[in-house]
Structures are given as C-alpha cells and as structure tokens.
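Counting from 1 along the sequence shown, just add 555 to a position and that's the residue number in the numbering used here. A quick write-up on the structure given underneath.
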Amino acid sequence: MKILAAVLPVLLLAAPEDHVVRTWKKIKVTDKFYAEGANVGDFNKDGKMDVVAGPYWIEGPDFTKMHAYTEEKAHDPNAYSKNFFAYTYDINKDGWTDILIYGFPGEDVSWYENPKGEPGPWKRTKVIDKFDNESPQFVDVNGDGVPDVVGSTEGKLGYWTISDWKFHPISPKSHYQRFTHGLGIGDVNGDGKMDFLEAGGWWEQPKSLEGDPEWVMHKVKFGQGGAQMYAYDVNGDGLNDVITSIQAHGWGISWFEQQKDGTFTEHVIIGKNLEDNKYGVRFSQPHAIDLVDMDGDGLKDIVSGKRYWAHGPKGDQEPNAPAVLYWFKLVRGKDGVDWVPFKIDDDSGIGVQVLAADVNGDKYPDVIVGNKKGIFIHIGEASKVSKEEYEKQLPKAAGKN
C-alpha cells in the first residue's frame with residue numbers, strides 16, 4: 556500500500572460546547588525506579604480506585620499508603636526493571652481484582668492473586684514462559700468479552716487466551732523478537748473484528764478463528780516501530796485511521812488517514828523539528844501512547860510524552876531533555892483535523908506504558924506513570940468555563956500572538 560505525505564492546514568479551533576479546561580496536580584509517590592508501567596484497580600474493594608506500579612499497590616484516594624504485593628526491589632536507572640507492563644483483571648473470577656505483570660521482554664508473564672484483604676505477598680503464578688514485544692496489549696481480540704494477552708513469541712505474532720493461557724498465532728514465523736516495537740489492536744477495515752497493527756502494516760482477522768488460521772497481512776509502512784498503536788476514525792469520515800509513534804527511541808507521532816482505496820496518508824502530529832508541529836512542540840522517545848477522551852467531548856485524544864533514560868543517560872535521542880507529558884486534543888474542523896497540545900508536566904514523562912484513567916471519581920481521566928523517575932499520579936481537575944476563558948487557555952500556533 557502506498558503512503559502519501561500530507562501537510563495539514565492551520566485550523567480555526569472550534570471550542571467544545573461545554574468548554575472544558577484541564578488543570579493538573581502531580582502526586583509523586585516515590586522517586587525510585589520500580590517499573591516502566593502502571594495501572595489502576597480497586598484492590599481492597601472500598602469503592603475507590605487504587606494504583607499498581609512495580610511491587611506496590613497504592614491506596615486511593617490519597618495515594619500515600621503503599622502496600623507491597625511482591626518483593627520490594629528498586630532498580631538501577633542505568634539498567635532495566637523486570638516489570639515493564641502492569642494490567643489488572645479478575646483473573647480467577649473470585650470477585651477481587653488481580654494484577655498481571657509483563658516482565659522484561661523475552662521473559663515471563665505472571666499474575667498475582669489478590670488475597671482478599673489478607674496481609675502478606677500475593678501468590679504469583681507464571682503463565683507465559685517467553686513473551687516478546689515492547690508494545691504489547693491486554694485487550695479482547697476474539698470477541699468473547701475477555702481481554703487477551705497480545706504480543707509475540709518464537710517469532711510469531713499472536714495472543715494468549717487467559718482462560719487456558721494457550722497461544723494463538725496469527726502470523727508465520729518472521730522477524731518478531733523480544734525487543735520489537737510497535738503493536739496494536741483495532742478494527743481497521745470496519746468488519747467488526749479486531750485486527751493486528753504493527754510497524755509494517757496490519758493483519759486482517761479472518762471470518763472464523765477456529766483452528767487458529769493465519770491472518771492476511773496488508774503491508775503499510777507505519778513508521779519504524781514505536782509504541783502502542785490504535786485504529787480510530789480521526790476525521791469522522793467513517794473509516795478507521797491508524798495512530799502511532801514513528802520511532803520509540805527517536806522522534807515522531809503521526810496519524811495515518813485511511814483512504815477509500817485502502818491506502819494511507821500520513822499526517823505528522825509531532826516530529827524531530829519544531830516546525831513539524833505548528834505549536835512548536837517536540838520531544839524525543841515517545842515510547843508509550845494512550846488514546847482516551849480527556850475532556851468529555853466524545854472524541855478520543857492522545858496521551859504521550861518522553862521516555863526518560865530508556866537506555867541510560869547517554870543513549871538514544873536527547874536522553875536528558877525534560878521528561879514531558881502531554882495530551883493532544885483532537886479537534887475536527889471544516890478545514891480538517893488538528894491535535895492541540897496541552898502540557899501536563901515536564902518532570903515525569905512516560906515509561907513503555909502510560910495510562911489515562913479516572914482515579915478520583917470525577918468521570919475525567921487522570922494520568923498514571925511508572926518509569927525511571929519514579930511513580931507519578933497526575934490528578935486532573937476539569938473545569939467548565941466560558942468560551943472567552945476557554946480560548947485564553949488554548950495554546951497559540953508558533954509565530955501567533
């Protein structure tokens with residue numbers, strides 16, 4: 556499939572009907588390096604959301620009390636953690652939320668059984684011996700309503716069903732290895748079935764999954780391998796587009812507009828140069844992306860930022876630049892699409908995972924981060940303001956007063 560480069564026009568922003576402004580309070584749980592990801596769940600069944608990062612679950616709503624569910628071990632920020640991704644789900648269906656940890660790429664996946672309020676370590680069960688990929692997912696692939704572990708092993712893309720921990724390959728053995736970047740799940744062709752996304756294209760789910768048939772590969776160049784990838788109708792034309800970072804340890808986030816003939820047109824959101832973004836925003840190493848409606852306008856927005864010290868203080872692109880965290884508001888206008896950048900923080904960044912989820916119960920997403928700078932919970936207040944006040948909060952395009 557051919558990809559065409561395109562430059563988006565400057566848009567006159569149309570404020571949402573409710574004119575919602577987000578402001579942020581940062582909770583720094585610790586400055587120690589425990590994990591490259593974090594997640595949320597109500598672990599003590601008190602009706603309040605808690606956070607899991609590294610060996611701790613952190614009790615909401617104040618997030619001042621840390622409970623160790625496994626060995627408390629901090630890591631050297633010049634090296635790596637054994638805790639790359641955290642997910643939460645009631646694995647054993649006993650009514651209590653458990654913790655699922657994807658360790659270091661190429662190593663194991665384990666789940667930790669919630670002890671139902673009892674003290675002490677949670678029981679660990681290793682369920683996958685060798686799990687590859689640096690942008691995996693935990694999402695329902697086969698449509699049974701239960702999330703699946705999405706990644707690769709032994710050179711094959713696929714997913715594990717958590718009822719039996721069986722691996723279901725979707726590709727032949729190929730170049731996929733422990734440090735492969737860029738992976739996502741989404742309905743690309745609009746047939747109601749979830750497809751696989753990767754840097755080299757997308758894999759179409761067949762009509763039936765019985766017998767684990769090989770999926771059909773559609774080759775498209777979606778960058779060099781970035782973070783989590785998403786299929787979403789960005790411009791509202793009824794076709795799902797693809798959102799991805801271009802290079803996890805380099806530069807760039809783009810959305811690829813799907814055309815009626817099945818080709819994709821790249822639109823740069825941020826790149827290596829300041830002029831690549833009309834607001835002058837740039838940061839390196841966008842190694843994690845979440846796609847969530849951040850202001851309640853019904854459109855999904857991008858949450859991303861800079862992964863700090865991915866390979867230490869001397870590796871990759873600008874390893875010591877400020878560890879920024881942004882959300883990019885999707886705006887559809889008569890002249891096209893714009894992604895308006897709002898900075899959340901400049902001293903936390905992202906890991907290989909960033910999560911936007913409501914932890915304070917106000918129906919608006921907050922942002923949770925675990926990385927080499929520590930564990931952070933960004934509580935976002937949502938205020939409804941007048942149109943005039945809203946427009947004052949909007950960032951200005953570079954060179955505009």
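Where is the CB? At the ideal position from N, CA and C, for every residue including glycine. Keep in mind the model is a prediction, meaning the values are calculated, not measured.
- DSSP, reduced to helix, strand and coil, places Asp684 within a strand of the structure shown.
- One Cα belongs to Gly745, the other to Gln783, and the distance between them is close to 20 Å.
- Here Gly906 is near Val924, since their CB atoms are less than 8 Å apart.
- Excluding five sequence positions before and after Lys927, the CB atoms of its chain that fall closer than 6 Å to its own CB belong to Phe588, Pro632, Tyr863 and Trp864, given in chain order.
- Among the bridge pairs identified by DSSP, Lys648 is matched with none.
- A Cβ-Cβ contact shorter than 8 Å links Lys884 with Met849.
- In terms of Cβ geometry, Asp900 and Trp579 form a close pair [threshold 8 Å].
- With the rule of 3 Cβ pairs closer than 8 Å, the stretch 718–728 does not count as touching the stretch 736–744.
- For Asp750, the secondary structure class from DSSP, reduced to helix, strand or coil, is strand.
- Taking the Cβ atoms as the reference, Ala754 lies roughly 6 Å from Gln779, within the contact range of under 8 Å.
- For Leu910, DSSP records a beta bridge to Ile923.
- Just so you know, the alpha carbons of Leu829 and Ala953 end up roughly 9 Å apart.
- Asp831 carries a helical assignment under DSSP once its states are collapsed to helix, strand and coil.
- Here the C-alpha atom of Ser809 lies approximately 14 Å from the C-alpha atom of Gly860.
- Scanning Gly904, Phe897, Phe811 and Ile934 for the CA closest to the CA of Asn915 turns up Ile934.
- Comparing alpha-carbon positions, the option among Glu936, Ser800, Leu854 and Lys869 lying closest to Gln908 turns out to be Ser800.
- Collapsing the DSSP output to three states places Lys947 in a helix.
- A distance below 7 Å between beta-carbons, with the five flanking residues on each side excluded, links Ala629 to the following residues of its chain, in chain order: Lys587, Phe588 and Tyr589.
- In terms of Cβ geometry, Val823 and Tyr881 do not form a close pair [threshold 8 Å].
- Gly778: not part of any beta strand (DSSP E); DSSP gives it neither H nor E.
- Between Val606 and Ala593 a beta carbon distance of about 6 Å is seen, short of the 8 Å cut, so the two are scored as contacting.
- Using a Cβ distance threshold of 8 Å, Glu626 and Pro610 count as a contacting pair.
- CA-CA distance, Tyr644 to Arg679, rounds to 14 Å.
- The straight-line gap separating the alpha-carbon atoms of Asn875 and Ser903 is approximately 12 Å.
- Around the C-beta of Gly781, 16 or more other C-beta atoms lie within 10 Å, and the residue is accordingly described as buried.
- Segment contact: the stretch 680–698 against the stretch 654–664, three or more CB-CB distances shorter than 8 Å; contact assigned.
- Counting along the chain, the unbroken beta strand (DSSP E) around Leu880 starts and ends at Leu880 to Gly888.
- With respect to Gly929, Thr585 sits close: the two C-beta atoms are nearer than 8 Å.
- Straight through space, the alpha carbons of Tyr635 and Gly851 are spaced by roughly 37 Å.
- Taking each of Trp612, Gly698 and Ala608 in turn and checking the Cα distance to Phe640, the smallest one comes out for Ala608.
- Lys942 carries a helical assignment under DSSP once its states are collapsed to helix, strand and coil.
- Annotation: Glu936 to Glu765 spans about 47 Å, alpha carbon to alpha carbon.
- Non-local beta-carbon contacts of Gln814 in its own chain, meaning distances under 8 Å to residues more than five positions away in sequence, involve Leu794 and Thr820 in chain order.
- Taking C-alpha positions only, Asp699 is separated from Lys748 by approximately 11 Å.
- The beta carbon of Arg887 lies closer than 6 Å to those of Gly791 in the same chain, with the five residues before and after it left out.
- Of the residues Ala803, Val847 and Ala843, the one whose Cα lies closest to the Cα of Lys827 is Ala803.
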